[in-house]
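Protein chains: 2
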Amino acid sequence: MKLLEDRILSEGKVKPGGILKVDSFLNHQMDPELLFEMAQELKRLYEGEGVNKIFTIEASGIAIAILAGYVFDCPVVFAKKSKTKNISDELYSVEVESFTHGNTNTVVVSKEYLGPQDRVLIVDDFLATGAALVGLKNLVEQAGGTVVGAGIAIEKEFQGGGNLLRAQGMRIESLAKIASMSDDSLEFCR
Amino acid sequence: MKLLEDRILSEGKVKPGGILKVDSFLNHQMDPELLFEMAQELKRLYEGEGVNKIFTIEASGIAIAILAGYVFDCPVVFAKKSKTKNISDELYSVEVESFTHGNTNTVVVSKEYLGPQDRVLIVDDFLATGAALVGLKNLVEQAGGTVVGAGIAIEKEFQGGGNLLRAQGMRIESLAKIASMSDDSLEFCR
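So the sequences go chain by chain: A and B. Under the numbering used here, the first residue of the first sequence carries the number 1, and numbering increases by one thereafter. Under the numbering used here, the first residue of the second sequence carries the number 1001, and numbering increases by one thereafter.
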């Protein structure tokens, strides 16, 4: 998606350790018009797939997810990072490693809000190693729901998570796919 | 706002300790159409006030905030709960007590995204003791910006935070204001 690629090129900052900071329009300050265009592009990509629920993880996935929910006209659920390891019977839970923060989170979702009737589009801001996506997919499967696919803002393709999941049959659509990046260059996949 | 009050009455659950759970449409599962209507109501209330930035705090304020940003046609910034007490020079920070979780968070925002030119509408899902709102107002003031007012989804008026801040001259618009609640009843302010 050219609009997003242009913003990454003009405002993204590459940090040591394969980190791309897009804090000026996606992760801290957010551009609602850009995010709305991204949500509409996801709708175009998944048109006719019967998506009836959008699923994401707090915090920075929520903004794209709610706009996606608005254009898909369906509820949005966000998985929460649990403060405790004691998980109640009312929750599905999974362990997710964070690439950015170098820790592991217990991620939970209420059993009330995911079920066998759900055809789920997983939405997130970044895809790198795929750990968050695997975790969210696992939660949908625990609930007996169907993962229609994933809609990602920025995929760091060179980190491999996306292609590993595609090889397992998962549909993943990323609005910008980065092939490589370093302090002074950033290349998109073509 | 009748649409929101009706949802609170039909789906809200009162928990011990003055907690209102609205997980089915606002805090865990979210109804994008309802939240969009709420954002439009905030726009109507703050029309002509020159709002040029929406400011909220992660995580559950983000959804209403991004929709508000879309209808106000301005950027959205969310303050982050810091993982560390070591605050860099690039950040404004403040301590905020959480009523729901019973702890204190260091809340930060990058100096890049708030400044003297900003006329800020603070948006959040709940207002109870007002601790989060005081913290967000403090961050805007550190940046030299102007707080135009606050737009809140649900105010628990009986907990006093909103009226304390109003008495200090702050404009606060709450889309639903709860006068009292118990296990078997919930009354709105009239």
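Cβ coordinates follow ideal geometry from the N, Cα and C atoms, glycine included.
- Task: Measure from the C-beta of Glu-1011 (chain B) to each C-beta in chain A and report whether the shortest distance is under 8 Å.
- Result: no
- Query: Which class does Ala-1128 (chain B) belong to by DSSP, given the choice of helix, strand or coil?
  - Reply: coil
- Verify the CB distance criterion: does Glu-173 (chain A) have a CB-CB separation below 8 Å to chain B? no
- Query: Within 8 Å (strictly less), CB to CB, does Met-1030 (chain B) reach chain A?
  - Reply: yes
- Query: For the stretch 1053 to 1069 of chain B, which residues have a beta carbon sitting closer than 7 Å to at least one beta carbon of chain D?
  - Reply: Looking at the structure shown, chain D is missing, and the protein chains on hand are A and B.
- Item | Chain-order list of residues whose beta-carbon lies under 8 Å from that of Val-1148 (chain B) (same chain, five-residue window excluded) | Tyr-1046, Glu-1049, Gly-1050, Val-1051, Arg-1119, Val-1120, Leu-1121, Arg-1171
- Task: With distances taken Cα to Cα, identify the nearest neighbour of Gln-1029 (chain B) among A:Lys-83, A:Val-108, A:Leu-4, A:Lys-2.
- Result: A:Val-108
- Item | Spatial distance of Pro-1116 (chain B) from Ile-1057 (chain B) (CA atoms) | 20 Å
- Where DSSP assigns a beta bridge to Val-94 (chain A), which residues make up the other side? A:Val-107
- Look at Phe-239 (chain A) and Val-77 (chain A) and say whether their C-beta atoms are less than 8 Å apart. Nothing about residue 239 (chain A) can be read from this structure; chain A reaches only from 1 to 190.
- Message: For Lys-199 (chain A), tell me which candidate among A:Thr-106, A:Leu-42, A:Asp-125, A:Gly-160 has the shortest Cα-Cα distance.
- Response: Any property of residue 199 (chain A) remains undetermined from this structure, which presents chain A solely from 1 to 190.
- Asp-1023 (chain B) touches chain A at which residues, Cβ-Cβ below 7 Å? Ser-110
- Query: Leu-1067 (chain B) and Leu-1026 (chain B): beta carbons closer than 8 Å?
  - Reply: no
- Glu-155 (chain A) versus Gly-1162 (chain B): straight-line alpha-carbon distance, rounded: 42 Å
- When A:Leu-127, A:Ser-10, A:Ile-178, A:Ala-132 are compared against Asn-192 (chain A), the one with the closest alpha-carbon: Residue 192 (chain A) lies beyond the stretch modelled for chain A, which goes from 1 to 190, so this question has no answer here.
- Query: In whole angstroms, what is the alpha-carbon distance linking Ser-1098 (chain B) and Gly-1017 (chain B)?
  - Reply: 14 Å
- Would you mind reading off the limits of the beta strand (DSSP E) that contains Phe-1025 (chain B)? Note, Phe-1025 (chain B): premise wrong, no beta strand (DSSP E); not H, not E.
- Item | Cβ-Cβ distance between Glu-11 (chain A) and Ala-176 (chain A) below 8 Å | no
- Message: I want to see whether chain A comes within less than 8 Å of Tyr-1046 (chain B), judged by CB atoms only; does it?
- Response: no
- Taking only the alpha-carbon atoms, compute the straight-line gap between Thr-146 (chain A) and Tyr-92 (chain A) and give it to the nearest angstrom. 15 Å
- Query: In chain A, which residues lie with their C-beta within 7 Å of the C-beta of Leu-1035 (chain B)?
  - Reply: Ile-66
- Check the Cβ-Cβ distances between Phe-78 (chain A) and every residue of chain B, and say whether any is below 8 Å. yes
- Beta-bridge pairing of Glu-187 (chain A) - partner residues as DSSP gives them: A:Ser-180
- Message: Among the candidates A:Arg-166, A:Glu-41, A:Asn-138, whose CA atom is the shortest distance from the CA of Val-96 (chain A)?
- Response: A:Asn-138
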